[in-house]
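Here the structure comes first, spelled out in structure tokens, and everything after it is commentary.
Residue numbers (this note's numbering), protein chains in the order written: chain L, 1 to 440; chain S, 1001 to 1440; chain X, 2001 to 2440; chain Y, 3001 to 3440.
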């Protein structure tokens, strides 16, 4: 695959059917328009002034999402499936709702099946019955956290059996809402479908509460997560400032990327230390966390620490094991830090009042905040447009404020991290006033 | 001004003083970095595949915001002023807080004056006393709506007097937080300052709850506004669905641009009609609102309408007058629609139960939602970095997820509108299922 | 009816059927117990020390609500109806949910009909179809404001037709959730039922967001209303304190009783004037509101006023008309005060920035706050226990923290008012620091 | 102390000074009134119909709180102290605010000292400096969780040293906001003060988030706690219903009394099991929790369990130790149940997805909900009225909706428990549909 083809989106075949939604291709007629396969969005917008103007290659451009003038599937022959996999994330029901409504109202699709409890819901041994979905069924589901379809980990690796089920159910359009592992599974499904010469579209809606997906400017549920995490930090601050040498310690999600921690530090205005996987830190010694924490307590009597779950793993003897989603099992840095801080100050005969808060489950299961509700609604619509146009092996993403088609292989190839040299991290350091480096 | 210079940022002069914040210019050392004046961000990211690769010109590039290696002002000689003007907007106190803290903690500035009640606070006749600002003073202000400095409309046109005051107070750095009119006033101030050969930086933080500023991807407070407006729509829906032929009518802000209305329609999942200034609509006739509303009521017994304050002005005989901020006085479309809908159905002997909600003041005065808190915090930091580096006549904006310097003349030259042909409006039409065109 | 009988609850007849819920009559066995008809609650708890100990009469005692050892109706022959009437009030769906669940799960009743849109839903001319209710149907309805049954005003006066419908549908148990007018209608229904020698229980759940029902310590939805009204006052305060001579004016519900206004003043901690129907006030003159408002503005630059909708009606020329619920049409004191305040200060050439907020519809349609959710849940249970035991012409109320049976004739005979000599009003005056008397 | 004296409130001496607040003693003049020492409130309101009318004794009557016509202290000689002790509870700052404002605005007291970090703040060894309190200082503190004075456990037993400090500071009025232990300490202080023949009033505001104080109908912060706990249960439900055999387990506060658990079960409408200290339960066996949980999972696929921290202690081998407040250290029933449930189902080869949430610190540190804000505001006022009138050894409580004076010895003599035979517990059992008894 040449570099210039890296962002090329795969199609099931030529689109020959007029789109039943009556949009317009004419620019200037004030009617919402179809999108063509030629419309692209630049990904990297950083440039240097005065540099030799350079041209850009196809490989830098992402296909714009949206309804096409012609579609691949006749609506009356569509049987769409929707599956949600992995951990909960705010907005799952909003995405489901948008997919169902767009299929039904815009395209006239009448057969939509919710796959219960993740990929496993397709495997006969689990005996799950698909859920008939329609606009009435999904009308109020955005008011409920979690996913009405249920979710589970694993199952995605049993490609052949899954495609057997897809064949059996005669599903020709599958929406896979899930993380990295889920989308790798989706890619395998699509390849197997291709090999069996079936015509079934696989469209993914990437779900990662950690916001760690490369290319995509933010993942759905992330802003809700920051909002809920901020509430926890406000609580931790309330506890800390009311006690002698009060320390509020909040663990937030972020296995490899500290975006929730960083944004929460900025949103809460109350954190004094923000610890993320991307920035290593010492505990002991002149430049270690304990010393800086002690300084802060002496100066201000209280302190608030946000720690991402993946931070400081070098201090823990992790097992090396993985869960059913293929995620590395992490040591519990929150509990560890809590113990170590208490021990440290005990050894100095200094009494600290540490309160530890782990709000993870209250974050994951929250209703989508309004910004995420908007986002999920639009992700779902664009996923439907993509599927109807016969796109496959494709994720829907937001890049520079435009919805685009992202080929799954590219999207899952690498992750997004908080760059310690970025303006985001700089703003966190300025907000917390923590040392730029806590290493001896 | 040649096209290639359109985005050129003005400076007070050469920066010769080492930045007191110890960042790094080295890439790869994991230390947050200085930004150089050569770092740019592309504004327009839309491209067409297969088109002849074209180079871009300087004129398409915006200067990246952030701390410079050298600064213009010695911190000990800085007297910074902060002024908030015009209507309330969520996040004002967050911006003030960030500016004060960045000046104080990062740069060591110790003289920071809050100008009370807008530009008028600088005019002797109002007898207002500036407010001494420091980190303790602003510590908890993000928990309070409104602006701790107070605000008012007008005064910005009295350029000479304002600069007299700035000279009298020896202010050499003024942060103007306000809308279009405020920033035009700021530009005039900066020009007068230049003519008087003073060295005072004018940095604007654009405030427009309507999100109608060209170039900037969203204005602070906008997402909070959508969140609060969404609550009103949920209420309207509760009223409407509990009544026979219940109609919930919600007026939201949006004088010339319907962004709040459009996003609220998407966020709430409950609106059936979204009326914005950019899309004209008929009331009467086969394709008018009343007919479609009647159809909806027959089908579903209730309906929810969101109307932006600037929508449908063609139906009103507006006075043509303006307020002290120079904004055109609008007719009250909310009250008008309420009356007309009731009259229409009365004339048909159909009883509708219309509940009208105008949540404007509860929106404007809300605390910033977490996403806006993050944004405001970063806007404030970047405003300080710009001012310390001697930038002037410049706004801080967010473009393609990067903070940039926007020359005021460019930024205030045009507005941002909801494009009826855009994917945003398309998604609104799909969510509401309203007719694409409501014109006979 | 002798005084000692005033609180006597009417029954349809002797209860002969063992209660299918297996509670216990034994005290001390740690099992939840049946309640007997002899268990009573004192209403008036004020006494004077040292006074001759006096006995009390039956007339001071209210019958305790709760499950009886024997019930009147065999569950398999019950057809229960539920109707919601009048304006919205937080908690309606919670009450419906509790009634349905208690009937179904505790007693095994399987025929439960929701009457659509108030009493009118029983009248053939409106062509409404009853809604089949069961636990699945009502499972999530507490997450939605309003009432899933719909509501309307009026209809309750058409007693004979309503009882015709009750006979036609074979309903032998009707739960009437509504205000004064609704319960008067319910009483008429019960009397007509009695005359026709039918055996149908009429049990009311009193709904009055104004909390103006005599005997009952608070009505459901009231605390939610105070919470939402408090949010509006916080907004008004945000607007007021950010402006020069800022005045925030908030109108809250309270037609004849100022409980919402009084509690909101206490809850918000931000109000400077609280105006209620029970306390008359002058506008003009040395001791009028305008003068005190001016003083406050001079002293503190801003002020917040809460006004109950029924306050100051003496200043308005009301029409004397009534709405379909029989409520007197009130003049709009909010809009009136707004105009008069602006005019007053204009006449003094003093510029005030008045922001007027009327949050009524966002209050009425809110989800029940947790304390109301608890309350509604218990009201519903007790309503079912009463109906199953063949009580009729009875409301469920909370008196001195006990759920009791209140005969409808007593309960609707008089209203509850804020006593200006009470500790509640004293605390409001202390909190607002408003003058005890604003009369010349 | 004879039974009839049990509720007698102690006074420092005769009140001879006219109350500076101009209330009225006249009934019917529409002016808020003074309260006399003779006004009483009945505590027990349960009666049996038809029983011989019996008189009541003084011992059943509680003194009504409120301003007296004459006060004991001249305002200009008052030095008031306020101390907050023990764990956080929503509303602490609201109580502090009300006390300060009532002292200052109503009585004209100008010396008010906040004692930092509990009783320890009075002990010289801790070197804490009292905080000067006035209305400006406390204006916005209700927006912040925790206590602005800080709190700590212990110190209250060092009576002599504390009274030394009170003498040294010349404090003649101390408001002790805290739990059981705090009020026992307050009683000892008052006795020591009496013995030293000092004239200093000790007035307690009882704080117990568990709502376990005898006589008082609810403690401040309790309803806020229920509200926040309810949010956690909604999260647990979201997790549980989205998983195969999902179990949400939420631990809430309630060391000896299960009121928070019981009310949360009712408020959330989502709990299937509510476990409290007052009702023992087996885990294993036919009637044990595990069996019922398994049944529920088979029937409905998910389950939510609320457990009070003091429930099921018989299953744990507690240490028998106590904390600095004298509270027995409890075993962690939440963590224990989590492990046991997982082990149990593992042993059956049944996979359950258990999510455990412990929201305690986010509950304790929450801002007061509106109903608690009202309550705290009134508690504070009444505490001030009591102190100014020279009451001592007295708590302020709410009994049958009236604020009363409770002698500390009586109030701390016993606790309040959830009576398993009460209507509260009956309603919980009906709401959860859990077995009445889970014992073999």
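Yeah, the Cβ is synthetic: ideal placement off N, Cα and C, and Gly gets one too.
Within-7 Å CB hit, residue i to chain S
i: residue 425 of chain L; result: yes
i: residue 2113 of chain X; result: no
i: residue 2117 of chain X; result: yes
i: residue 2129 of chain X; result: no
Residue from the options whose Cα sits closest to the Cα of residue i
i: residue 3148 of chain Y; options: Y:3188, Y:3170 and Y:3095; result: Y:3095
i: residue 3367 of chain Y; options: L:297, L:50 and L:238; result: L:238
i: residue 424 of chain L; options: L:20, L:257 and L:344; result: L:257
i: residue 1142 of chain S; options: S:1113, S:1313, S:1203 and S:1101; result: S:1101
i: residue 1282 of chain S; options: S:1313, S:1081, S:1296 and S:1079; result: S:1313
C-alpha distance - residue i paired with residue j, whole-angstrom precision
i: residue 1355 of chain S; j: residue 1338 of chain S; result: 8 Å
i: residue 1191 of chain S; j: residue 1013 of chain S; result: 15 Å
i: residue 265 of chain L; j: residue 431 of chain L; result: 7 Å
i: residue 357 of chain L; j: residue 3254 of chain Y; result: 19 Å
i: residue 1126 of chain S; j: residue 1119 of chain S; result: 10 Å
i: residue 3274 of chain Y; j: residue 3353 of chain Y; result: 19 Å
i: residue 1437 of chain S; j: residue 34 of chain L; result: 16 Å
i: residue 3284 of chain Y; j: residue 3291 of chain Y; result: 7 Å
C-beta neighbour in chain Y for residue i, strict 7 Å
i: residue 1143 of chain S; result: yes
i: residue 2042 of chain X; result: yes
i: residue 2378 of chain X; result: yes
Residue i at chain X interface by Cβ criterion, 7 Å
i: residue 3198 of chain Y; result: no
i: residue 1241 of chain S; result: yes
i: residue 1099 of chain S; result: no
i: residue 1147 of chain S; result: yes
i: residue 1270 of chain S; result: no
i: residue 1357 of chain S; result: yes
Residue i vs residue j beta-carbon contact at 7 Å
i: residue 2187 of chain X; j: residue 2408 of chain X; result: yes
i: residue 90 of chain L; j: residue 1227 of chain S; result: no
i: residue 1048 of chain S; j: residue 41 of chain L; result: no
i: residue 1232 of chain S; j: residue 1359 of chain S; result: yes
i: residue 3080 of chain Y; j: residue 3173 of chain Y; result: yes
Contact belief for residue i with residue j at Cβ below 8 Å, rounded distance in angstroms
i: residue 383 of chain L; j: residue 73 of chain L; result: About 14 Å; that fails the 8 Å criterion.
i: residue 155 of chain L; j: residue 123 of chain L; result: 6 Å
i: residue 418 of chain L; j: residue 276 of chain L; result: 6 Å
Heavy atom of the ligand FAD within 6 Å of residue i beta-carbon
i: residue 3172 of chain Y; result: Ligands in the displayed structure: none, and consequently the ligand FAD is not present.
Any C-beta of chain L under 7 Å from that of residue i
i: residue 3399 of chain Y; result: no
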